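Working notes for the structure below.
Numbering (this note's numbering), first residue to last: 4 to 269.
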């Protein structure tokens, strides 16, 4: 390792990425969210098949000795306040947290932003294929499980009756992009920062996992499939290496060049 310090302007690191044009990125990210919403709507219907697949998933989880979703929901139902908070987290955190993550990376870590945006785009696009091939009703629609549709009973709810809900596809439970995006937010922030506490970002996907299962919106397998898809995307799309310009303390200072450690990332 070579520990000598060189001016950043003397030799640009090959992995240093300039901040992409704002308008282009706004259109790309907006397009990603639009594809997410419209793609799920295209795979609507297939009610009988979705319920049949739900029973298969439920029995597969029991055969694999996965914990019951009922255990998480029972903990939430100890008080109206707790279950209401879980419903609110499910309804209100998913999109804003992901958007805030992308905005922060764009402003402070441009190279990591490009990487994260690509990973999210790949995972989201791949996730839209499954509802066409494997429609799946969420556990809240599955009779005989003892689960309660907490959003409908306690509120707030983001879904209407499946027969009249034209804004979302409620038979696209697998994979859980709620969990997949939350996990990518944590992975991205851990990769882009150097705080000794950065592992705490994993609390976001952990809490999301408890919320999506406890509110009976997803099965454990929905989260496992989302994790596998994200893992494959991360194996193909690698994050940038750290430098002072991408993860150093002075990353937000754009006026003056920052020193980098030659060979420090090798």
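All C-beta atoms in this analysis are idealised placements derived from N, C-alpha and C, irrespective of residue type, glycine included.
Just so it is clear, the structure is predicted and the values come from calculations on it, not from any experiment.
Check, Outcome
"Residue 94 and residue 161 closer than 7 Å at C-beta", "yes"
"DSSP-derived helix/strand/coil call for residue 248", "Interpretation of residue 248 is limited by its pLDDT of 45, a score under 50 that renders its predicted location unreliable; the figure taken from the coordinates is listed afterwards. Correct three-state label for residue 248: helix."
"For residue 175: DSSP bridge partner residues", "139"
"Secondary structure of residue 77, DSSP reduced to three states", "helix"
"C-beta atoms of residue 232 and residue 178 nearer than 7 Å", "yes"
"Buried or exposed by the 16-neighbour rule on C-beta atoms within 10 Å, applied to residue 215", "buried"
"Beta carbon of residue 221 nearer than 7 Å to that of residue 97", "no"
"Cβ-based neighbour list, residue 184, same chain, cut-off 6 Å, excluding 5 preceding and 5 following", "101"
"Endpoints, alpha helix (DSSP H) assigned at residue 232", "223-239"
"Counted within 10 angstroms of its Cβ, other Cβ atoms place residue 271 as buried (16 or more) or exposed", "Past the edges of the chain, shown from 4 to 269, lies residue 271, and the structure says nothing about it."
"Contact between the region 122-136 and the region 232-242 (3+ Cβ pairs under 8 Å)", "yes"
"Alpha carbon of residue 147 to alpha carbon of residue 26, nearest angstrom", "50 Å"
"Distance, residue 38 Cα to residue 89 Cα", "26 Å"
"Span separating the alpha-carbon of residue 207 from that of residue 189", "7 Å"
"CB of residue 134 within 7 Å of CB of residue 175, strictly", "yes"
"Simplified DSSP assignment, three categories, for residue 207", "helix"
"Nearest to residue 112 (by Cα), restricted to the options 77, 192, 210", "192"
"Cβ neighbour criterion (16 or more within 10 Å) applied to residue 34", "exposed"
"Assigned exposure category for residue 202 - 16 Cβ within 10 Å defines buried", "exposed"
"C-beta contact flag for residue 217 and residue 30 at 7 Å", "no"
"8 Å contact criterion, which residue 57 and residue 140 should meet: CB distance rounded", "4 Å"
"Inter-residue spacing [alpha-carbon to alpha-carbon] between residue 225 and residue 131", "13 Å"
"Which of helix, strand or coil DSSP assigns to residue 216", "helix"
"Cutoff 6 Å; reference residue 54; Cβ partners in own chain excluding five residues on either side", "140"
"Whole-Å CB distance - residue 138 paired with residue 49, under 8 Å assumed", "4 Å"
"Residues near residue 87 by beta carbon distance below 6 Å, same chain, minus five either side", "157"
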